[in-house]
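*Asks:* Here our numbering is used: the first residue of the sequence shown is 227, the next is one more, and so on. Just so you know, even glycine gets a beta-carbon here, dropped at the ideal spot from N, CA and C. Predicted model only: the values in this text are computed from it and were never measured.
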Amino acid sequence: MSGEARFLAVDLGAESGRVFLGRFDGGRVSLEELHRFPNVPVRVADGLHWDVLRLFGETERGLGRAAGRGVRSVGVDAWGVDFALLDREGALVSNPYHYRDARTAGMMEEAGRRVPREEIYRITGIQFIPLNTLYQLLAMEGSPLLEASDRLLMIPDLFAYWLCGERLCEHTAATTTQLYAAGGGWARALIRRMGLPERLFGEVVRPGTRLGGLLPGVREDTGLGEAEVVAVATHDTASAVAAVPARGRDFAYISSGTWSLVGVETERPVISEEGLRYNFTNEGGFGGTNRLLKNVMGLWLLQECRRVWAREGREYGYGELARLAAEAPPFGPLVDPDWEGFLPPGDMPGRIRRFCERTGQRPPESVGEVVRCIFESLALKYRWVIERAERVSGVRAGVVHVVGGGARNGLLCRLTAEAARRPVLAGPDEATVLGNVLVQAHAAGMLGGLGEIREVVRASVPAEVYEPEEADEGWEEAYGRLCGLVGLPSGELAEGGLV
Numbered sequence: 227m228s229g230e231a232r233f234l235a236v237d238l239g240a241e242s243g244r245v246f247l248g249r250f251d252g253g254r255v256s257l258e259e260l261h262r263f264p265n266v267p268v269r270v271a272d273g274l275h276w277d278v279l280r281l282f283g284e285t286e287r288g289l290g291r292a293a294g295r296g297v298r299s300v301g302v303d304a305w306g307v308d309f310a311l312l313d314r315e316g317a318l319v320s321n322p323y324h325y326r327d328a329r330t331a332g333m334m335e336e337a338g339r340r341v342p343r344e345e346i347y348r349i350t351g352i353q354f355i356p357l358n359t360l361y362q363l364l365a366m367e368g369s370p371l372l373e374a375s376d377r378l379l380m381i382p383d384l385f386a387y388w389l390c391g392e393r394l395c396e397h398t399a400a401t402t403t404q405l406y407a408a409g410g411g412w413a414r415a416l417i418r419r420m421g422l423p424e425r426l427f428g429e430v431v432r433p434g435t436r437l438g439g440l441l442p443g444v445r446e447d448t449g450l451g452e453a454e455v456v457a458v459a460t461h462d463t464a465s466a467v468a469a470v471p472a473r474g475r476d477f478a479y480i481s482s483g484t485w486s487l488v489g490v491e492t493e494r495p496v497i498s499e500e501g502l503r504y505n506f507t508n509e510g511g512f513g514g515t516n517r518l519l520k521n522v523m524g525l526w527l528l529q530e531c532r533r534v535w536a537r538e539g540r541e542y543g544y545g546e547l548a549r550l551a552a553e554a555p556p557f558g559p560l561v562d563p564d565w566e567g568f569l570p571p572g573d574m575p576g577r578i579r580r581f582c583e584r585t586g587q588r589p590p591e592s593v594g595e596v597v598r599c600i601f602e603s604l605a606l607k608y609r610w611v612i613e614r615a616e617r618v619s620g621v622r623a624g625v626v627h628v629v630g631g632g633a634r635n636g637l638l639c640r641l642t643a644e645a646a647r648r649p650v651l652a653g654p655d656e657a658t659v660l661g662n663v664l665v666q667a668h669a670a671g672m673l674g675g676l677g678e679i680r681e682v683v684r685a686s687v688p689a690e691v692y693e694p695e696e697a698d699e700g701w702e703e704a705y706g707r708l709c710g711l712v713g714l715p716s717g718e719l720a721e722g723g724l725v
């Protein structure tokens with residue numbers, strides 16, 4: 227390509243981190259993976275942590291592989307809710323905690339005692355889930371670590387700071403904290419009422435903001451020279467949704483990976499009693515959009531099953547697991563993927579079996595039956611979320627766009643089309659990286675708004691279409707069973723040691 231612009235995208239996920247080189251010629255974009263590295267949490271005496279120093283070292287190694295290739299800028303995206311604390315000198319106070327750490331147990335209830343649940347939702351529009359930043363900070367109340375801290379940065383903001391020296395928070399990541407006002411800006415009155423230090427919450431910038439050049443040490447380590455850092459849509463789901471190849475707004479999206487983020491796009495936050503009842507969240511998107519969605523546990527269930535089977539000496543690739551699931555009988559036992567007992571790491575196959583036993587279902591026995599149970603449960607839960615998102619928002623989702631790694635799972639996409647009774651358009655599988663790169667192109671003045679970004683995605687990556695076949699009564703019966711399982715209180719299932 228002549229006259230192409232080159233951008234580096236750092237994408238940090240719950241399982242791995244990647245560095246990509248994106249080439250943009252004004253009409254199409256192509257991606258080249260330069261480096262991939264595992265992201266493995268570390269459990270020590272005080273809890274479960276992210277090893278961010280190693281992750282940053284791997285990030286620099288990946289950036290260095292683009293030295294001498296005329297890179298204009300670098301953007302970092304990562305998962306939401308988790309954060310780093312810095313002291314007044316800008317030093318890291320401690321390794322950030324992992325959102326699956328158990329210290330947040332009981333913190334949602336504690337927050338509700340300080341500020342009523344309805345008021346928290348009215349202010350922030352964010353769903354109630356134990357891993358939110360709010361509850362992680364409440365769990366640190368009285369900690370010397372919190373007392374020594376001067377600034378909170380979300381994980382992608384921390385990496386941007388280490389790259390260019392700017393201690394700023396980006397809007398889309400900040401909205402995941404449940405401490406950010408739905409109308410914009412930190413919810414400072416809520417922060418005070420929660421008893422949290424206001425000093426932690428600094429300046430917030432919008433996606434597409436140019437932050438400045440690389441620090442001298444980073445330039446030396448990577449050889450990138452004059453490249454600058456751009457605050458992209460740093461929450462990875464915000465980048466992924468920016469790269470949904472949709473036309474108009476009449477669509478639902480599923481950003482499918484460890485988590486499945488399922489929802490619709492709106493012009494502004496949608497905060498209502500119905501939204502609170504269904505526990506929908508409102509998170510910031512690129513171009514001033516709002517992402518009305520729910521977090522569904524996603525392929526985490528399969529990842530944990532695979533890890534347990536590997537520990538038992540049974541190694542399965544994802545392709546083989548999909549084949550075994552396709553061969554298993556349809557419409558078997560179901561689980562609610564969002565049951566809180568599935569959140570921590572552990573014996574996921576055993577938890578699934580016990581969930582089924584406690585709800586009067588025959589447990590899945592073979593590996594294929596377990597995977598089929600996960601896939602059908604996810605497909606039906608996606609339908610449950612999409613229908614309620616339509617009801618809450620008024621958006622009619624004529625199609626479902628599946629992006630992210632789950633777009634490569636043909637069986638899950640087909641089951642989703644059948645369960646949801648609407649077409650599924652799968653791809654791009656690297657939507658987060660595409661969104662990251664194209665927001666950098668926007669910051670460079672090469673693209674206008676969201677519509678132009680999505681036009682480039684459509685021109686660059688064809689989507690695979692899964693049309694629902696003729697209505698099958700089996701799906702309706704299964705959907706009725708899934709609806710009966712959604713939201714079962716943990717007390718009804720925990721007897722006998724389910725967790």
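For Gly438, name the three-state secondary structure that DSSP assigns.
*Replies:* To locate residue 438, count along the sequence shown from 1; it is residue 212. Three-state DSSP puts Gly438 in a strand.
*Asks:* What residues in its chain sit with their C-beta under 6 Å from that of Ile352, if we drop five residues either side in the sequence?
*Replies:* To locate residue 352, count along the sequence shown from 1; it is residue 126. Contacts found: Gln404 and Thr507.
*Asks:* Quick check on this structure: which residue in Gly632, Gly586 and Ser592 has the alpha carbon closest to the alpha carbon of Tyr608?
*Replies:* If you number the sequence shown from 1, residue 608 lands on position 382. Answer by Cα proximity: Gly632.
*Asks:* Just to confirm, is the Cβ distance from Arg517 to Glu553 under 8 Å?
*Replies:* Here residue 517 refers to the residue found at position 291 when the sequence shown is read from its first residue. Here residue 553 refers to the residue found at position 327 when the sequence shown is read from its first residue. Not in contact: Arg517 and Glu553 (Cβ atoms no closer than 8 Å).
*Asks:* If we count Cβ pairs, one from each stretch, closer than 8 Å, do we get three or more for the region 335-345 versus the region 259-275?
*Replies:* no
*Asks:* When DSSP builds the beta bridges, which residues end up paired with Cys395?
*Replies:* Residue numbering aside, residue 395 sits at position 169 when the sequence shown is read from its first letter. Beta bridge pairing from DSSP links Cys395 with Val430.
*Asks:* Threshold first: 4 residues or longer. Then list the alpha helix (DSSP H) segments lying entirely within the region 242-293, N to C.
*Replies:* 278-290
*Asks:* Does DSSP classify Asp698 as helix, strand or coil?
*Replies:* Taking the sequence shown and counting its residues from 1, the one referred to as residue 698 is at position 472. Three-state result, Asp698: coil.
*Asks:* Measure the alpha-carbon distance for Ile381 versus Ala697 and round it to whole angstroms.
*Replies:* Mapped onto the sequence shown, residue 381 falls at position 155. Mapped onto the sequence shown, residue 697 falls at position 471. Between the alpha carbons of Ile381 and Ala697 lies a distance of about 44 Å.
*Asks:* Output the distance between the C-alpha atoms of Gln529 and Thr484, rounded to the nearest integer angstrom.
*Replies:* Numbered from its first residue, the sequence shown carries residue 529 at position 303. Numbered from its first residue, the sequence shown carries residue 484 at position 258. C-alpha separation (whole angstroms): 8 Å.
*Asks:* By a C-beta neighbour count over all protein chains shown, 10 Å radius and 16 as the cutoff for buried, is Val593 buried or exposed?
*Replies:* For this step, residue 593 is matched to residue 367 along the sequence shown. By the 10 Å Cβ count, Val593 comes out buried.
*Asks:* In three-state DSSP terms, what is Asn521?
*Replies:* For the purposes of this step, residue 521 is taken as the residue at position 295 of the sequence shown. The answer is strand: DSSP assigns Asn521 an E or B state.
*Asks:* Whole angstroms is fine: what's the gap from Pro563's alpha carbon to Val596's?
*Replies:* For this step, residue 563 is matched to residue 337 along the sequence shown. For this step, residue 596 is matched to residue 370 along the sequence shown. Rounded to whole angstroms, the separation of the alpha carbons of Val596 and Pro563 is 13 Å.
*Asks:* Indicate the three-state DSSP secondary structure (helix, strand or coil) for Gly671 in the structure shown.
*Replies:* Counted from its first residue, the sequence shown places residue 671 at position 445. Coil, per DSSP.
*Asks:* When you compare each of Val683, Glu602, Arg684 and Ala652 to Glu690 by their alpha carbons, which one comes out closest?
*Replies:* Stepping through the sequence shown from its first residue, residue 690 is reached at position 464. Looking at the Cα atoms, Ala652 is the closest of the given residues.
*Asks:* Give the DSSP bridge partners of His461, in chain order.
*Replies:* Position 235 of the sequence shown, counting from 1, holds the residue named residue 461. Answer by DSSP bridge pairing, in chain order: Ala304.
*Asks:* Could you tell me the distance, in whole angstroms, from the CA atom of Gly661 to the CA atom of Ala685?
*Replies:* As a first step, residue 661 must be located in the sequence shown, where it is residue number 435. As a first step, residue 685 must be located in the sequence shown, where it is residue number 459. Taking the straight line from one Cα to the other gives about 14 Å.
*Asks:* Only counting the same chain, and skipping five residues up and downstream in sequence, which positions put a Cβ closer than 7 Å to that of Asn635?
*Replies:* Here residue 635 refers to the residue found at position 409 when the sequence shown is read from its first residue. The answer, listed in chain order, is Ala548.
*Asks:* What are the boundary residues of the alpha helix (DSSP H) that Ala536 is part of?
*Replies:* Start at 1 with the first residue of the sequence shown, and residue 536 comes out as number 310. That run of the alpha helix (DSSP H) goes Trp526 to Arg537.
*Asks:* Counting only runs that start and end within the region 563-604, where is the alpha helix (DSSP H) found for 4 or more residues in a row?
*Replies:* 574-584
*Asks:* Verify whether the separation of the beta carbon atoms of Tyr406 and Thr350 is less than 8 Å.
*Replies:* In the sequence shown, counting from the first residue as 1, residue 406 sits at position 180. In the sequence shown, counting from the first residue as 1, residue 350 sits at position 124. Contact flag set, yes.
*Asks:* If I follow the unbroken beta strand (DSSP E) through Ala310, where does it start and stop?
*Replies:* For the purposes of this step, residue 310 is taken as the residue at position 84 of the sequence shown. That run of the beta strand (DSSP E) goes Phe309 to Leu312.
*Asks:* What are the start and end residues of the beta strand (DSSP E) that includes Arg377?
*Replies:* What you label residue 377 is simply residue 151 of the sequence shown in a count that begins at 1. Where Arg377 is concerned, the enclosing beta strand (DSSP E) stretches over Arg377 to Met380.
*Asks:* On the CB-based measure, 16 or more other CB atoms within 10 Å of its CB, does Ala310 come out buried or exposed?
*Replies:* Taking the sequence shown and counting its residues from 1, one reaches residue 310 at position 84. Per the 10 Å Cβ criterion, buried.
*Asks:* Could you tell me if Asp462 is buried or exposed, where buried requires 16 or more neighbouring beta carbons within 10 angstroms of its beta carbon?
*Replies:* Residue 462 sits at position 236 when you count from the first residue of the sequence shown. Looking at its Cβ environment, which holds 16 or more other Cβ atoms inside 10 Å, Asp462 is buried.
*Asks:* Apart from the five residues on each side of it in sequence, which residues of its chain come closer than 7 Å, Cβ to Cβ, to Glu446?
*Replies:* Walking along the sequence shown from the start, residue 446 turns up at place 220. No residues qualify anywhere along the chain.
*Asks:* With 16 as the cutoff for other CB atoms within 10 Å, does Ser482 come out buried or exposed?
*Replies:* Taking the sequence shown and counting its residues from 1, the one referred to as residue 482 is at position 256. Ser482 comes out buried.
*Asks:* Thinking Thr402 and Val302 are a contact (beta carbons under 8 Å), I'd like their distance in whole angstroms, please.
*Replies:* Numbered from 1 along the sequence shown, position 176 holds the residue referred to as residue 402. Numbered from 1 along the sequence shown, position 76 holds the residue referred to as residue 302. In fact, because the Cβ distance is near 15 Å, the residues do not count as touching under 8 Å.
*Asks:* Let me know the secondary structure DSSP gives Asn508 once reduced to three states.
*Replies:* In the sequence shown, counting from the first residue as 1, residue 508 sits at position 282. Three-state result, Asn508: strand.
*Asks:* Going by the beta-carbon positions, is the gap between Asp251 and Asp313 smaller than 8 Å?
*Replies:* Along the sequence shown, one-based indexing puts residue 251 at 25. Along the sequence shown, one-based indexing puts residue 313 at 87. No, the Cβ-Cβ distance between Asp251 and Asp313 is not below 8 Å.
*Asks:* When the Cα atoms are used, what is the spatial distance from Ala657 to Arg533?
*Replies:* In the sequence shown, the residue the question calls residue 657 occupies position 431. In the sequence shown, the residue the question calls residue 533 occupies position 307. If you take the alpha carbons of Ala657 and Arg533, they lie about 26 Å apart.
*Asks:* Could you check whether the region 423-439 touches the region 614-623, counting it as contact only if at least three pairs of C-beta atoms, one from each stretch, sit closer than 8 Å?
*Replies:* no
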